[in-house]
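Per the working numbering: the sequence shown = residues 12 to 64.
We treat Cβ as the ideally placed atom computed from N, Cα and C, and that holds for glycine.
Just so it is clear, the structure is predicted and the values come from calculations on it, not from any experiment.
Contents: one structure, followed by commentary.
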Amino acid sequence: MEIFETILVMLALILASNILQRFLPFIAVPIIQIVLGGLFFAHFTAHLLRTFA
Numbered sequence: 012m013e014i015f016e017t018i019l020v021m022l023a024l025i026l027a028s029n030i031l032q033r034f035l036p037f038i039a040v041p042i043i044q045i046v047l048g049g050l051f052f053a054h055f056t057a058h059l060l061r062t063f064a
């Protein structure tokens, strides 16, 4: 179930990056996706550290 939720979050991030690109057309979509992916990774890692610490 966690894998399914992770996939849904990643799809939501892709959708969010496309929406953000409409408002910020001077920033390339891959850059937005890298930033959103980094934020997701940081949040996911912090969650794991709190869970197993």
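Should I43 go down as buried or exposed, given a rule of 16 or more other Cβ atoms within 10 Å for buried?
-> buried
Is the beta carbon of F51 less than 9 Å from the beta carbon of V20?
-> yes
Helix, strand or coil: how does DSSP classify I45 here?
-> helix
Does the distance from the C-beta atom of Q32 to that of A39 stay below 9 Å?
-> yes
With DSSP as the reference, label I7 as helix, strand or coil.
-> In the structure displayed, the chain extends from 12 to 64; residue 7 sits before or after that span and is not available.
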